[in-house]
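One structure below.
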Amino acid sequence: MKNGVFAAINIGASAFRMHISEYVNGKEHTLEYLIKPFRLGKDTFTKGYIALENVYLATEILRKFSQKLDEYKVKKNYKAVCTSGVREAVNRAFFIDYIRQETGIELEIVEPADEIYIKYVGVKNDIADFGRCEKEGVLIANISSGNVALAVLKDDQNIYSGALPYGSLRLRRIFSDIPRISRYKAYEQYVMKMCYSMENSMEKDIKLKHFVSAGSSLNILLSILKPIKNELKKSEIEDLYEIVKQMPRDSIMTKLNIRKEEASVLLPTLVTYLKLMEFVDTDVVRFTRQTFPHTLSLYYSGSIRDRGFAHRVRNTIYGMGKRFNMDEEHARNTVNFSMKLFEKLRPIHSMKRRERMMLEAAAIMCDVGYYIGSRDHNYHSYYLIQSIEIPGLEREFVKTVSYLALMHNGDVDSWFENKYSYFPLDRQLLLKKLVSILRIADAMDASHLNLITDFDVDILQGKIVIRAKCKKTPFLEKMAFDEKGKIFKDTFGIPIELDTRILYD
Amino acid sequence: MSSGESVNVAVVDIGSNSLRLQISEVKDKSYKILDDYKEMLRLGDSIYTVGYFTPEVINRIVETLTGVKKLAESRGCKNIRAIATAAFREADNMGEALIRIEDACGIKVEVISGEEEARLTYLAATANFELAGRKAVVVDIGGGSTEYTIITDGKLERSESLPLGCNRLMREFLKKDPPTSGQILEMKEHIKSAQAPLGLGRDINMVICTGGSMNNVAVVKHFKDKAVRDSNVKYVERSFLKKFIKDFSQKSYNQRIKTEGLEENRGDLILPAAIQSDLVLNETGVSGFYTLSGGLRSGLTIDTINKMGIELPFQNNTESIRYARLLEIGNKFDFDEASALHVQSLAKMLYDGLKESMDLQGRDWLLLEGAAILRDVGKHIAYSKHHKHTYYLIKHSELVGYSAKEIEMIANIARYHRKSPPKSSHEDFNLMTTADQTKVLKLAAILRIAIAMDRSHKGQIKSLEVKVKPDVVIISAKSKGDISMEIRDFELKKELINKILKRPVILT
């Protein structure tokens, strides 16, 4: 980022935080960090909305934050995000609008997938050997007041990601009327359910090795356990848990010298840590001391990056394809053919790296719908792709890939005439370009027999010829090519032909 | 094969009209079809004219089998089980053809008897229809022969193979295009006299017609109805069949093939098949027939799986194919079977205790049962929004023993098992009638509290009793362990049922 001051504001479920940084020649240093405890999520997690009196109180806090922005002469150079406390409130739009009117601060809601992604990028840049952890299998948990956002990575694949409603304040609210003496059992059972949900959504027998934690809940543990290194031991957490599990809140406050709000959520926090350590089967949890607003500042100012993102997305998509039982060889053929066509047709399609990645993802996933049923498999592929949530991957990207899968077979014209006619022309054109290539690539292995081994593309005057080398006459491929290739001419204004040559029989 | 592992099996059915390949993945006690491939070889054309396979025909078979073998291998199938039916049985040079095929492509084709054909079709029928308490006839119309199978209360009673295949009938009787009424009459008499010894009586209350031609009749109807939802099992009323026969009897081949949904290669074969089916309906007095796509080859797949030592759930539970299929679909999407069954049993106890006060009856329990078992299958796609994924998977899985409307209702009950209620933006819910919407909400309300009562997934609540009083409903749960989680969740989930019953519901 350019030299200057950048502010990040986080409206959390139990506190509002602000981090002001100065960037000089690519280096960041913190100017000020503000934290104002305020349980905005208390309303959201019990009533479903933010009561008006709390909207007023939140406005007062943010008015002071706004003054701080003025003090540092920050006009637009800030990012203010809300997490579950606002995100899940039915009157969130009113809240955001009211804050804008009263304080001038433009709030944005950060979705759970984005939240965990930003935390992930923060952790990745802060923990020295995180690359090794990613290879060996790591659970990253952002345990905050509202949600526990989880990401599981192994072998450069995003195995799982999700934000589950098990944050410490939420748990405290849910079980507030259970007798204190047995409340810890309810927390244990409830958090086990969270682990069960996560386990259920992952492939069986995935072994993890590392557990990395982030999130507001961590601060309480740090203030109590005061670790020197950036790690907490299971035995320390267990000992603490044994001490406090049946203790009244006031006694916890006194004994540990912590605030009332912190004492209220300590027990669910400890349970969550212990159960997740049990899930990973580790005795150590590593963490970063970077706060969320600090990470936000680094992320939005472009100071930290996610290296290897494209590689991980590709691996993750292949992993999903396997989960849905794809024909791996056909998928790889379709990818190879579509990538080669993309490169060879560059003179006419003028698309870039991002579009290439979309095409590759669609080539991998276009047939996964067979998992649900062979009839209308393209609809099922469309549906399954829409369910993809890879941290950091934009929704628009996923949607485009799903449209391509939907149109990779069947009557493509009718999709454009009916379903996608409302899209802006440039978007329609992009889809047509990509789907034209995808359909040809898919047709070239229509029999799933890998009959076409390689090809060249000749862009001639008035036509394009794909000269394919085959093991045998690819009857099905030729038929499919004729049918699927029509849109290519309509899109690019030039017919495309398949010329096959048999190498051996 | 150990638990969790999967293996792909390939079966080939060489009929008088077509050669079909089916590739399925077998995992635990469930299988799903990965690929269906068809080639119209029309072997009957050769057999019912010259009586043997010409060298050209044998080459065509070899070429096609070589192709399907590669296809099967590409799908990871190590072996192919191939069977052949009437055309091979009747070919003068059957032996020569079999040797030539095995030499050329390494596939040993098993020529099966008409009775074996009937048994395989029976296997397919029992996998797809609720046959308990019914007397059904399965009419599998091939190109050369037709297999009649009588099933009583889910058990195979008897079967008979008759030389009434549609290709054979067409060649013997319908020699003009379009056929004359005299030719049709003569064919009808021939079919009737062949059917007579079967004694198809009025005690038969279900007719299932299989084979490509009758499936194609159902497809034509499907197109005519502009139906949206397609499925393996279709129902065709006799009134439609009669109109179809009348229409096709007057049309030439070229006119028929313009019919939407009709396979060009069946333009001539479909009429004798339709007439034969109509004569069965006439004899039994049944008002329509079911079709089942992939009848013989589905049976062959099941039989092949059985030969691997695996018995599928619906085979040891002939009482309820519907129920077994629910479990099979649950397994396919890796559901937690123990939890699903426990919630189902809690839902049943709640349903029995509340049905009168909620005005629930008849098949309503079956809807709730389906939703209770499959409520979480969406988690197989993703935990996030899994209720929506559950809706999609239920709607697109071939549930058996439910109508399309009922499947939609089950999908909706399961979709609303969590906290969010139906909204004006929920198109699928809004497309249902008001009465169906009300029923869905009632059943979803029961399902929600049944799920709450097993919140810890430990099956702590073994039984319960429901007492409906004018001002309150009391549910008394019997448990051995700690049910604080269940009580907590019940409190969170009871709002909908309180609203429907217009009185508080208390768990003690």
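Chains as they are written, first to last, in the working numbering: chain A, 14 to 518; chain B, 99 to 606. Beta carbons: idealized from backbone N, C-alpha and C, even for Gly. Keep in mind it's a predicted model, so treat the numbers as computed, not measured.
Item	Value
Since Thr282 of chain A and Ile233 of chain A should fall inside the 8 Å C-beta cutoff, what is the C-beta to C-beta distance between them, to a whole number of angstroms?	6 Å
Measuring only the C-alpha atoms, how far is Asn510 of chain B from Ala550 of chain B?	18 Å
Buried or exposed: Asn23 of chain A, going by 16 or more other Cβ atoms within 10 Å of its Cβ?	buried
Between Phe188 of chain A and chain B, is there a C-beta pair that is closer than 8 Å?	yes
By Cβ distance, which residues of its chain are closer than 6 Å to Asp455 of chain A, with the 5 residues on each side in sequence left out?	Thr347, His421
With DSSP collapsed to three states, give me the class of Ala533 of chain B.	helix
Going by alpha carbons, who is nearest to Asp143 of chain B out of B:Thr382, B:Tyr500, B:Asn265, B:Ile355?	B:Asn265
Which runs of the alpha helix (DSSP H), 4 residues or longer, sit entirely within the region 346-377 of chain B?	351-354
Whose C-alpha, out of B:Ala182, B:Pro602, B:Asp474, B:Lys405, is nearest the C-alpha of Asp432 of chain B?	B:Asp474
For Glu381 of chain B, which of B:Arg354, B:Arg300, B:Leu394, B:Asp526 has the nearest alpha-carbon?	B:Arg300
Can you tell me which of the three DSSP states Gly475 of chain A falls into?	coil
Let me check one thing: in DSSP terms, what residues is Gly123 of chain B bridge-paired to?	According to the sequence shown, residue 123 of chain B is Glu rather than Gly. B:Asn106, B:Lys130, per the DSSP bridge assignment.
From Ala493 of chain A to Glu510 of chain A, what distance separates their C-alpha atoms?	12 Å
Measuring only between beta-carbons, confirm whether Gly386 of chain A sits less than 8 Å from chain B.	yes
Is it the case that the Cβ atoms of Tyr150 of chain B and Asn191 of chain B are separated by a distance below 8 Å?	yes
Could you check what DSSP says for His32 of chain A in three-state terms: helix, strand or coil?	strand
So, Asp92 of chain B versus Leu466 of chain B, is the Cβ gap smaller than 8 Å?	Because chain B spans 99 through 606 in this model, residue 92 of chain B falls outside it and cannot be assessed.
Going by DSSP, which residues form a beta bridge with Leu166 of chain A?	A:Val151, A:Asn171
Is it buried or exposed, Glu214 of chain B, if we count other Cβ atoms within 10 angstroms and call 16 or more buried?	buried
Alpha carbon to alpha carbon, how far is Arg610 of chain B from Val109 of chain B?	Residue coverage of chain B in this structure runs from 99 to 606, which leaves residue 610 of chain B outside it and unanswerable.
By how many angstroms is the C-alpha of Asp462 of chain B removed from the C-alpha of Asp275 of chain B?	51 Å
Report the CB separation of Ser223 of chain A from Asp340 of chain A in whole angstroms; it is logged as a contact under 8 Å.	Reading off the sequence shown, one finds His at residue 223 of chain A, where the question assumed Ser. Between Asp340 of chain A and His223 of chain A the Cβ distance is about 34 Å, and since that is not below 8 Å, they are no contact.
Distance check for Arg76 of chain A and Glu115 of chain A, CA to CA, integer angstroms please.	8 Å
Relative to the alpha-carbon of Pro192 of chain A, which residue among B:Glu593, B:Lys592, B:Ser582, B:Glu137 has its alpha-carbon at the smallest distance?	B:Ser582
How close, in whole Å, do the beta carbons of Gly180 of chain A and Gly159 of chain A come, if the pair is a contact with beta carbons under 8 Å?	4 Å
For Tyr312 of chain A and Met457 of chain A, I'd like the C-alpha separation in whole angstroms.	43 Å
Report the CB separation of Ile153 of chain A from Lys167 of chain A in whole angstroms; it is logged as a contact under 8 Å.	Actually they do not touch by this definition, with Cβ atoms about 12 Å apart.
When the Cα atoms are used, what is the spatial distance from Tyr69 of chain A to Glu430 of chain A?	49 Å
Check distances from the C-beta atoms of the region 388-418 of chain A to those of chain B and list, in chain order, the residues that come in under 9 Å.	Arg388, Asp389, Tyr392, His393, Tyr396, Leu397, Ser400, Ile401, Glu402
If Met207 of chain A and Leu177 of chain A are in contact, beta carbons under 8 Å, what's the gap, nearest whole angstrom?	5 Å
So, at 8 Å on beta carbons, what are the nonlocal neighbours of Met304 of chain B in its own chain, with the 5 sequence-adjacent residues on each side left out?	Phe227, Leu229, Arg232, Lys233, Ala234, Val235, Val384, Tyr388
Contact check, Asn429 of chain B vs Ser128 of chain B under 8 Å by CB: the rounded distance?	4 Å
Beta carbons nearer than 8 Å to chain A: which residues of the region 490-513 of chain B have them?	Tyr490, Leu491, His494, Ser495, Glu496
What three-state label does DSSP hand Asn160 of chain A in the structure shown?	coil
Taking 8 Å as the CB-CB cut-off, is Glu275 of chain A touching chain B?	no
Do three or more CB pairs link the region 235-255 of chain A to the region 290-305 of chain A at distances below 8 Å?	yes
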